[in-house]
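*Asks:* Residue numbers (full-length UniProt numbering): 1 to 404. The beta-carbon is built from N, C-alpha and C at its ideal position, and this holds for glycine as well. Right, I'll just put the structure down here and ask away after.
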Amino acid sequence: MEIVILAVVIAVVVFGALGGLVIGSRRKKQLPPPPPSVPDITAPPAEPHVGEEAETPRDEPRRTIEEVDLPLVEPEPSAPIAVEEPPAPAAPEIEVPEPTAGRLVRLRSRLSRSQNALGKGLLTLLSREHLDEDTWEEIEDTLLTADVGVQPTQELVDRLRERVKVLGTRTPDELRALLREELVQLLVPEFDRSVKTDSNLDTPGIVMVVGVNGTGKTTTTGKLARVLVADGRNVVLGAADTFRAAAADQLQTWGERVGARTVRGPEGGDPASIAFDAVKEGIEEGADVVLIDTAGRLHTKTGLMDELGKVKRVVEKHAPLDEILLVLDATTGQNGLVQARVFAEVVDITGIVLTKLDGTAKGGIVIAVQRELGVPVKLIGLGEGPDDLAPFEPEAFVDALIGE
1 MEIVILAVVI AVVVFGALGG LVIGSRRKKQ LPPPPPSVPD ITAPPAEPHV GEEAETPRDE
61 PRRTIEEVDL PLVEPEPSAP IAVEEPPAPA APEIEVPEPT AGRLVRLRSR LSRSQNALGK
121 GLLTLLSREH LDEDTWEEIE DTLLTADVGV QPTQELVDRL RERVKVLGTR TPDELRALLR
181 EELVQLLVPE FDRSVKTDSN LDTPGIVMVV GVNGTGKTTT TGKLARVLVA DGRNVVLGAA
241 DTFRAAAADQ LQTWGERVGA RTVRGPEGGD PASIAFDAVK EGIEEGADVV LIDTAGRLHT
301 KTGLMDELGK VKRVVEKHAP LDEILLVLDA TTGQNGLVQA RVFAEVVDIT GIVLTKLDGT
361 AKGGIVIAVQ RELGVPVKLI GLGEGPDDLA PFEPEAFVDA LIGE
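Following this line, the structure appears as structure tokens:
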């Protein structure tokens, strides 16, 4: 009996426990999930506006500044802000130009290579056993092709005919000596070929450079500055070619390379005004020489040629011009002679600069242009190098022409 009662009690307890578990599980499914726990963060008090007192929490007594023990922190001095200045532009390195003495001798081999057609052609013709009329006509054609000119060619052929006839025997050395002598004579060796850069007044020597576009006029002006600096002269450049783009920049670059200052104006400005200022500043600085690069005048435009005459007149308000150099391109041949005539009518040409002489076999242009203008070739350009402008020496030129 007792065993039966104990079994019933155990069954009731087990049943009750199972019932409670089922009910609890259902309640848990019906209850919403608890909200996520929010960390207890106290927000900082809002900053008071100007004129308002800071809000003090109600559960804390207000405290004055004296009651708050704050450490006194000295403010650190602010370090100065380093401002990097842009580096100053480096001054252009001043070059030392090659001395003018012996320049043509150094360049003789280059000149002889381009002139062999004339010199060797003449020697070959003169060396023929029988110099008949056909041979003399060939000699004339060779000289005319080399741009010697009609009148100088006729004179040279007549003299060669006479001397060969008198000489009789013609060895190669005799023929070379004969031809050399006659060519040197045609080049008028008694001409004064020095570039006039010394003034008779208490002013710098004034040199004006003229010529048409494409002859190398601005480059020649820069190279001439190198020649003068190499000879110990103090030079000021006047960039009066205001119509060709970048002409003033080009000239200034040439000047900076040898330490010569360039006086320039706005593009399209008055060339005469710039030339006037260049001479004025040259006088104030005590310069030895002022070189004025003029615009590349087209000889067919009368107005521009008249303006070139104006530049000359304005400059001569300071002092007379000591030299007017006409730059001619040796490769243009007879067209260069036409240019020379027109320029000679506008300004008094005192000397000629022949450029690009190394690029042509027409070396006879030297003879023709001197005969045309009655003025000497003073300088020749023999290449693109900065020191390839050389004083003209007739004997050295002829030696390069026919070979030594």
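(1) If residue 126 and residue 183 are in contact, beta carbons under 8 Å, what's the gap, nearest whole angstrom?
(2) Tell me residue 239's beta-bridge partners as DSSP assigns them.
(3) Taking only three categories from DSSP, how would you classify residue 222?
(4) For a test of the three-state rule: what should DSSP assign to residue 178, helix, strand or coil?
(5) Would the segment 384-395 and the segment 164-178 be scored as touching if the rule is three or more Cβ pairs under 8 Å?
(6) Tell me which residues share the same chain as residue 310 and place their Cβ nearer than 7 Å to its Cβ, disregarding the 5 neighbours each side in the sequence.
(7) Measure the alpha-carbon distance for residue 224 versus residue 234 and round it to whole angstroms.
(8) When you compare the CB positions of residue 215 and residue 355, do they come within less than 8 Å of one another, or not?
(9) By DSSP's criteria, residue 262 is part of a beta bridge. Which residues make up the other side?
(10) Tell me where the beta strand (DSSP E) around residue 323 begins and ends.
(11) Could you pull the start and end residues of the beta strand (DSSP E) that residue 135 belongs to?
(12) Do residue 289 and residue 211 have their C-beta atoms closer together than 8 Å?
(13) Give me the Cα-Cα distance between residue 386 and residue 220, rounded to the nearest whole angstrom.
(14) Our contact map puts residue 237 next to residue 228 with C-beta atoms below 8 Å; I'd like the distance itself, whole angstroms only.
(15) Could you check if residue 362 is buried or exposed, using at least 16 other CB atoms within 10 Å of its CB as the buried criterion?
(16) Just mark residue 150 as buried or exposed, buried being the case when its beta carbon has 16 or more other beta carbons within 10 Å.
(17) Which residues does DSSP pair with residue 208 in a beta bridge?
(18) Going by DSSP, what residue range makes up the beta strand (DSSP E) through residue 382?
(19) The alpha helix (DSSP H) with residue 340 in it runs from where to where?
(20) Checking 8 Å against the spacing of the C-beta atoms, do residue 323 and residue 188 come in under that value?
(21) Does the Cβ-Cβ distance between residue 275 and residue 203 come in under 8 Å?
(22) So if DSSP puts residue 389 in a beta bridge, which residue, or which two residues, is it bridged to?
(23) Quick test of the definition: if touching needs 3 or more C-beta pairs under 8 Å, does the segment 326-340 touch the segment 366-382?
(24) Which one of 146, 160, 218, 287 has the shortest CA to CA distance from residue 199?
(25) Buried or exposed: residue 357, going by 16 or more other Cβ atoms within 10 Å of its Cβ?
(26) How long is the line joining the alpha carbons of residue 376 and residue 270, rounded to whole angstroms?
(27) In the DSSP assignment, find the unbroken beta strand (DSSP E) run with residue 349 in it and report its ends.
(28) Within its chain, find whatever has a CB closer than 6 Å to the CB of residue 364; leave out the 5 residues flanking it on each side and keep chain order.
(29) Can you grab the Cα-Cα spacing for the pair residue 350 / residue 295, in whole Å?
(30) Residue 355 by DSSP, collapsed to three states: which one?
(31) Alpha carbon to alpha carbon, what distance is there between residue 155 and residue 134?
(32) In the DSSP assignment, find the alpha helix (DSSP H) that holds residue 153 and state where it starts and stops.
(33) Taking a contact to mean a Cβ-Cβ separation below 8 Å, would you say residue 209 touches residue 291 in this structure?
(34) Can you check whether the CB of residue 341 is closer than 8 Å to the CB of residue 307?
(35) For residue 56, does the count of other Cβ atoms within 10 angstroms reach 16, so buried, or fall short, so exposed?
(36) Are there 16 or more other CB atoms within 10 angstroms of the CB of residue 258, so buried, or fewer, so exposed?
*Replies:* Result, derived from the coordinates:
(1) In the sequence shown, the residue the question calls residue 126 occupies position 126. In the sequence shown, the residue the question calls residue 183 occupies position 183. Contact doesn't hold; Cβ gap of about 12 Å is too wide.
(2) As a working mapping, residue 239 is identified with position 239 in the sequence shown. Answer is 293.
(3) Walking along the sequence shown from the start, residue 222 turns up at place 222. Correct three-state label for residue 222: helix.
(4) Along the sequence shown, read from residue 1 onward, the residue named residue 178 stands at position 178. Residue state, collapsed to three classes: helix.
(5) no
(6) Position 310 of the sequence shown holds residue 310. Result list for residue 310: 272, in chain order.
(7) For the purposes of this step, residue 224 is taken as residue 224 along the sequence shown, with counting starting at 1. For the purposes of this step, residue 234 is taken as residue 234 along the sequence shown, with counting starting at 1. Near 12 Å, if we compare the C-alpha coordinates of residue 234 and residue 224.
(8) Working through the sequence shown from its first residue, we reach residue 215 at position 215. Working through the sequence shown from its first residue, we reach residue 355 at position 355. Yes, Cβ-Cβ distance for residue 215 and residue 355 is below 8 Å.
(9) Taking the first residue of the sequence shown as 1, we reach residue 262 at position 262. Paired residue(s): 237.
(10) For the purposes of this step, residue 323 is taken as residue 323 along the sequence shown, with counting starting at 1. Element bounds for residue 323: 323-329.
(11) Start at 1 with the first residue of the sequence shown, and residue 135 comes out as number 135. It is not in any beta strand (DSSP E) - residue 135 instead sits in the alpha helix (DSSP H) that spans 133-145.
(12) Position 289 of the sequence shown holds residue 289. Position 211 of the sequence shown holds residue 211. No.
(13) As a first step, residue 386 must be located in the sequence shown, where it is residue number 386. As a first step, residue 220 must be located in the sequence shown, where it is residue number 220. The straight-line gap from Cα to Cα measures roughly 9 Å.
(14) As a working note, residue 237 is residue 237 in the sequence shown. As a working note, residue 228 is residue 228 in the sequence shown. About 10 Å separates the two Cβ atoms, so there is no contact after all.
(15) Reading the sequence shown from its first residue, position 362 is the one you call residue 362. Of the residues assessed, residue 362 falls on the buried side of the cut-off, its CB having 16 or more other CB atoms within 10 angstroms.
(16) Along the sequence shown, read from residue 1 onward, the residue named residue 150 stands at position 150. Classification of residue 150: exposed, given that the 10 Å Cβ count is below 16.
(17) Taking the sequence shown and counting its residues from 1, one reaches residue 208 at position 208. Looking at the DSSP assignment, residue 208 forms a beta bridge with 292, 324.
(18) The residue you call residue 382 lines up with position 382 of the sequence shown. It is not in any beta strand (DSSP E) - residue 382 carries neither H nor E in the DSSP assignment.
(19) In the sequence shown, counting from the first residue as 1, residue 340 sits at position 340. Unbroken alpha helix (DSSP H) run through residue 340: 334-346.
(20) The sequence position of residue 323 within the sequence shown is 323, counting from 1. The sequence position of residue 188 within the sequence shown is 188, counting from 1. Cβ distance not < 8 Å, so residue 323 and residue 188 don't count as in contact.
(21) What you label residue 275 is simply residue 275 of the sequence shown in a count that begins at 1. What you label residue 203 is simply residue 203 of the sequence shown in a count that begins at 1. Taking 8 Å as the Cβ cut-off, residue 275 and residue 203 do not qualify as a contacting pair.
(22) On the sequence shown, position 389 is the one that residue 389 refers to. Its beta-bridge partners are 381.
(23) yes
(24) Within the sequence shown, the letter at position 199 stands for residue 199. The shortest Cα separation from residue 199 among 146, 160, 218, 287 belongs to 287.
(25) As a first step, residue 357 is located in the sequence shown; it is residue number 357 there, counting from the start. It is buried - the Cβ of residue 357 has at least 16 other Cβ atoms within 10 Å.
(26) Taking the sequence shown and counting its residues from 1, the one referred to as residue 376 is at position 376. Taking the sequence shown and counting its residues from 1, the one referred to as residue 270 is at position 270. Whole-angstrom Cα-Cα distance: 31 Å.
(27) Position 349 of the sequence shown, counted from the first residue, corresponds to residue 349. It is not in any beta strand (DSSP E) - residue 349 carries neither H nor E in the DSSP assignment.
(28) The residue given as residue 364 occupies position 364 in the sequence shown. Excluding residues within five positions, the ones whose Cβ falls inside 6 Å are 146, 147, 148.
(29) Translated into the one-based positions of the sequence shown, residue 350 becomes position 350. Translated into the one-based positions of the sequence shown, residue 295 becomes position 295. Approximately 18 Å, taken between the alpha carbons.
(30) Position 355 of the sequence shown, counted from the start, is the residue given in the question as residue 355. Residue 355: strand per DSSP, three-state reduction.
(31) What you label residue 134 is simply residue 134 of the sequence shown in a count that begins at 1. What you label residue 155 is simply residue 155 of the sequence shown in a count that begins at 1. So the alpha carbons of these two residues sit roughly 18 Å apart.
(32) Start at 1 with the first residue of the sequence shown, and residue 153 comes out as number 153. Start and end: 150-167.
(33) For this step, residue 209 is matched to residue 209 along the sequence shown. For this step, residue 291 is matched to residue 291 along the sequence shown. Closer than 8 Å, so yes.
(34) Here residue 307 refers to the residue found at position 307 when the sequence shown is read from its first residue. Here residue 341 refers to the residue found at position 341 when the sequence shown is read from its first residue. The answer is no: Cβ separation not under 8 Å.
(35) The count along the sequence shown starts at 1 and reaches residue 56 at position 56. Per-residue confidence for residue 56 stands at a pLDDT of 44, beneath the threshold of 50, marking its modelled position as unreliable; the derived number appears in the next sentence. When all chains shown are included, residue 56 counts as exposed.
(36) For this step, residue 258 is matched to residue 258 along the sequence shown. Counting Cβ neighbours within 10 Å, residue 258 comes out buried, since at least 16 surround it.
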